[in-house]
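Numbering (the working numbering), first residue to last: 24 to 288.
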């Protein structure tokens with residue numbers, strides 16, 4: 024675990040930023056591949072990514088401030104916009120990224136659900152790599168295992184400041200692995216035809232289910248009525264996704280939308 028990879032003069036190159044940048048590039052590359060394979064939206068993937076990244080940064084910070092650390096930021100309002108200090112929420116980043124992507128599709132008159140289906144595998148694969156950033160940074164960590172097994176974080180990380188040298192559950196590692204499983208499941212699901220929007224909603228349900236369960240191992244977030252903010256968010260996303268599955272099944276197809284075609288070999 025290395026918070027700082029190296030220095031360029033007095034400038035610190037942090038592992039978190041480097042890995043997040045790589046995860047964005049990987050997700051963008053995978054999304055472009057599937058867009059090219061589908062034969063549509065190839066020229067829009069990079070443009071959408073700009074909107075999504077801006078929305079993700081704003082959403083991740085807002086989520087972190089309001090739902091995870093409001094007790095602190097309510098007394099330190101000047102630090103709310105210091106995104107380099109205090110963390111960002113991946114779920115807030117996803118919500119903000121989806122809003123940014125939706126704005127892009129609205130501006131350029133692209134069918135949102137069809138576009139979301141195509142880029143979903145790229146999103147979840149990028150998330151899996153992004154969790155490596157959390158491991159290197161020593162955040163999104165688990166609670167103490169109570170035994171002699173688990174991750175032991177070094178001094179200088181948030182995990183060490185909280186639990187010192189106690190072994191912790193590898194919550195962020197297992198989440199990254201679950202994201203890879205979700206990526207594989209989406210590829211399997213894409214082998215058959217589904218109503219437009221279903222692949223995107225399957226992604227939301229699968230990821231949120233894993234996040235809901237793994238949050239029971241987390242040791243860095245407060246709980247409200249027995250659940251963390253991430254668990255409440257996951258439950259809301261799962262419920263909304265099932266409602267939308269029913270809605271998309273019942274509504275007539277709109278012009279420009281296409282059902283997901285099976286991947287060609």
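We put the beta carbon where it would ideally sit given N, CA and C, even for glycine.
Beta-carbon proximity of residue i to residue j, cut-off 8 angstroms
i, j, result
"residue 115", "residue 83", "yes"
"residue 229", "residue 205", "yes"
"residue 180", "residue 199", "no"
"residue 18", "residue 164", "Outside the shown range of the chain, which is 24 to 288, sits residue 18, and nothing can be said about it."
"residue 231", "residue 260", "yes"
"residue 156", "residue 85", "no"
"residue 144", "residue 209", "yes"
"residue 124", "residue 77", "no"
"residue 159", "residue 67", "no"
With 16 other Cβ atoms within 10 Å as the buried cut-off, status of residue i
i, result
"residue 273", "exposed"
"residue 270", "exposed"
"residue 288", "Because the pLDDT at residue 288 is just 33, under 50, the model does not fix this residue reliably, and the point stays unresolved."
"residue 33", "exposed"
"residue 234", "buried"
"residue 214", "exposed"
"residue 139", "buried"
"residue 238", "buried"
"residue 147", "buried"
"residue 187", "exposed"
"residue 97", "exposed"
"residue 247", "exposed"
"residue 112", "buried"
"residue 207", "exposed"
"residue 57", "buried"
"residue 262", "exposed"
Same chain, Cβ closer than 6 angstroms to residue i, neighbours up to 5 away in sequence not counted
i, result
"residue 46", "149, 152 and 153"
"residue 142", "54"
"residue 227", "260 and 264"
"residue 201", "233"
"residue 79", "116, 119 and 120"
"residue 174", "191 and 193"
"residue 38", "25, 28 and 159"
"residue 268", "224"
"residue 61", "141"
"residue 72", "51"
"residue 94", "none"
"residue 256", "114"
Any non-hydrogen atom of the ligand PLP closer than 7 angstroms to residue i Cβ
i, result
"residue 61", "Absence of the ligand PLP is noted for the structure shown, with no ligands found whatsoever."
Expected contact under 8 angstroms - CB spacing of residue i and residue j to nearest Å
i, j, result
"residue 225", "residue 136", "Their Cβ separation, rounded to whole angstroms, is 12 angstroms, which puts residue 225 and residue 136 out of contact at 8 angstroms."
"residue 240", "residue 194", "5 angstroms"
"residue 81", "residue 119", "5 angstroms"
"residue 70", "residue 127", "6 angstroms"
Spatial neighbours of residue i in its chain, beta-carbon cut-off 8 angstroms, leaving aside the 5 residues before and after
i, result
"residue 36", "27, 28, 29 and 30"
"residue 251", "238, 241, 244 and 245"
"residue 52", "145"
"residue 104", "84"
Proximal residues to residue i (C-beta, below 7 angstroms), its chain only, five neighbours per side dropped
i, result
"residue 171", "190"
"residue 59", "65"
"residue 41", "28"
"residue 50", "145, 146, 148 and 149"
"residue 212", "222 and 225"
"residue 258", "235"
"residue 253", "114, 234, 238 and 244"
"residue 131", "67"
Residues sharing a beta bridge with residue i, DSSP
i, result
"residue 241", "165"
"residue 251", "246"
"residue 35", "30"
"residue 191", "167 and 174"
Min CB distance residue i to chain B below 8 angstroms
i, result
"residue 250", "Absent from the structure: chain B. Only one protein chain is present."
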